[in-house]
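Going by the working numbering, the letters in the sequence shown line up with residues 14 to 579, in that order.
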Amino acid sequence: MRNKTLILMLLFFALLMTPVGAGAQSKADVVDGEGHQWWQHAVFYEIYPRSFADSNNDGVGDLKGITSKLDYLKDLGVDAIWITPCFPSPQVDFGYDVSDYENIDPMYGTLADFDNLVSGAKNRDIRVILDFVVNHSSDQHKWFMDSKSSRTSEKRDWYIWRDGKGPGKPPNNWVSTFGGPAWTFDPSTHQYYYHFFYAEQPDLNWRNPAVKDAMFDVSRWWYKRGVAGFRLDAVDTLFEDPGLYDNPIVGSGKNAYGDPIEENKSNTKLPEVHDALRGLRKVADESGAVLIGETWTKDVAELKQYYGEHSNELQMPMDLMLTKLTFSAPVFRQHIAGIDGAGGWPVYVISNHDIVRSYDRYGDGQHNDQIAKVMAALYLTLRGTPILYYGEEIGMKTTPPTRKEDVKDPIGQRGWPKEKGRDGERTPMQWDGSENAGFSKATPWLPVPPAYKTHNVAAEAQQPDSVLEFYKKVLKLRHTNRALLDGSYTPLHESDQNVFSYLRSYKGEVVLVALNMSASPQKVNFELGKNGFSSANSLLATPQSAAQGNTLTLEPYGVFIGQLSH
Ligand code: NOJ
């Protein structure tokens, strides 16, 4: 008996002493008592590090800058930050051309700064997600340098090298999504290499097991360092058909870069992508980490595939279709019904560093702040995980350059004026009304838009009806209301052309969300009595939106969120 107790005690201590890497998360941390994963309850926030906060006043944001804003993020209601690439890079595509997957670019700081950021975040219950550029590296990565050095180099097959069809003729007709041919000729080895994006971003050869293993190891390396997951870049483009068939040309027009418009039939969304995702997921599961996908899909059926047949691929494929919708109740209702019914956990995004900000995408020029609040109430109260893009919460707008010579994003330089590039949605975070919006004491790498005078964190924190204060209130509700956290989604009044309304219900708790997506006042009768409820008690509403008995009155672009009671 005594022996048994001794063995049990030894086992207990052995468990206590088992080294867990800084990144490994305990089961209790990742799943709650009812089986909800941490990322299902979390609010994610995307940070474009160049533009968030500049601690050393060189005009470019950095990791210490992010660390200095953790209290702000905590107060806002953020549980996880996704930092777009901050690894060493020649910055041709502002970090999406990685020259070393296991380090930090000096422009952003050091690995020690990264560790500080992770521990500072951890102290505030904020997790850190990195951006994993899986499809391609920089042409300055040592793997590619070796690959390019000779046809027989060890890493030749780590990238996609092919003979041309003849002098000056690439292997096929594929064009780069960033303009020009997708093949670049290397005069020293007399072969072409393939790049879906810029020539400085050669595609890795995921058919080579050594590449796969190296990339899996990169992810392990960061998990051990405390990273809670990755946003996987450009997953659609991981594989190419080995037959290298020409892509079909769609119509006779040309795109902004003057290239024929192609359907990327043989170089995107190949079934093998899912094998790679399953592999990455297996590694992520070793550390309880989450994988978010940059999943551009044409419809819900395609999005569904990214969860994996056995939920063994991405936990969080992003619904990027949402960013393409027009601002209308029937359009959103129909889309959300599809996503919610897809069987996976929805992931809602309304903007990011590649997409025009939602503030001006949906704004009508008159009610932009109100519309921003409707959008906040929408994507923050749906069943699913929202990913906020920095600045959405203060109503930052896209401010594209007005002259070609000011453009920083190479696709803007190549495609001007049809394609102005993505500078407009990457401008510095607007912290206050001081010079450079409090982002930096030096001239920022992109100009601060004039709107910073009215839309900045410091000013909005003082205005109870600001976009920022509205975001904070919805996020607070979302964290504390069980129906909003875990409840099912039921659309209401499905033929209403103006008001998008739905219920979120969890174990008898029911919350009604009603959003007036029109410029005119609306009255809706919810027949609460018929459904066994006596009233809708306001949890959060815009000033002239309220429930009285069965009737809900909504001002133009009004929001009402109420708890139903019996
Ligand atoms: C998607 C990223 O979001 C974008 O910014 C980048 O240019 C491409 N992938 C290439 O990595």
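All C-beta atoms in this analysis are idealised placements derived from N, C-alpha and C, irrespective of residue type, glycine included.
Not one heavy atom of ligand 1 lies closer than 8 angstroms to the C-beta of residue 427. Between the alpha carbons of residue 59 and residue 183 lies a distance of about 38 angstroms.
Excluding five sequence positions before and after residue 423, the CB atoms of its chain that fall closer than 8 angstroms to its own CB belong to 105, 106, 191, 211 and 434, given in chain order. Remark: the C-beta of residue 214 is in contact range of ligand 1, defined as less than 8 angstroms to any heavy atom. With fewer than 16 neighbouring CB atoms inside 10 Å of its own CB, residue 47 falls in the exposed class. Three or more Cβ pairs closer than 8 angstroms define a contact, and the region 209-226 falls short of that threshold against the region 127-143. Per DSSP, the continuous alpha helix (DSSP H) segment holding residue 232 begins and ends at 222-237. Non-local beta-carbon contacts of residue 283 in its own chain, meaning distances under 6 angstroms to residues more than five positions away in sequence, involve 252 in chain order.
Sorted by position in the chain, 106, 109, 146, 210, 246, 247, 307, 366 and 367 make up the residues whose C-beta lies under 6 angstroms from a heavy atom of ligand 1.
Of the candidates 89, 96 and 551, 96 places its Cα closest to the Cα of residue 79.
Within 10 angstroms of the beta-carbon of residue 323 lie fewer than 16 other beta-carbons, which makes it exposed. Runs of the beta strand (DSSP E) spanning 3 or more residues and lying entirely within the region 228-303 occur at 242-245, 262-267 and 273-275, in chain order. For residue 407 against residue 473, the beta-carbon gap comes to about 6 angstroms, under 8 angstroms, which counts as contact.
Rounded to the nearest angstrom, the gap between the Cα atoms of residue 257 and residue 207 is 11 angstroms. Residue pairing of residue 329 in beta bridges, as defined by DSSP: 305. In this structure, residue 541 keeps its C-beta atom at 9 angstroms or more from the C-beta atom of residue 526.
By the Cβ-count criterion, residue 307 is buried, with 16 or more other Cβ atoms from all chains shown falling within 10 Å of its own Cβ.
DSSP, read as helix, strand or coil, puts residue 484 in helix.
Distances from the alpha-carbon of residue 194 to those of 214, 470 and 497 put 214 closest.
A Cβ-Cβ separation of about 25 angstroms leaves residue 539 out of contact with residue 488 under the 8 angstroms criterion. Around the beta carbon of residue 84, a 10 Å sphere encloses fewer than 16 other beta carbons of the protein chains shown; the residue is thus reported as exposed. DSSP, reduced to helix, strand and coil, places residue 145 within a strand of the structure shown. In this structure, residue 93 lies near residue 140, with their beta-carbon atoms less than 9 angstroms apart. Residue 405 sits buried, since 16 or more C-beta atoms from the chains shown fall within 10 Å of its C-beta.
One alpha carbon belongs to residue 441, the other to residue 452, and they sit about 6 angstroms apart.
Between residue 513 and residue 530, the CB-CB gap stays under 9 angstroms.
Per DSSP, residue 395 lies in no beta strand (DSSP E) and is assigned neither H nor E.
Here DSSP, grouped into helix, strand and coil, assigns residue 445 to coil. The Cβ atoms of residue 370 and residue 320 lie no closer than 9 angstroms to each other.
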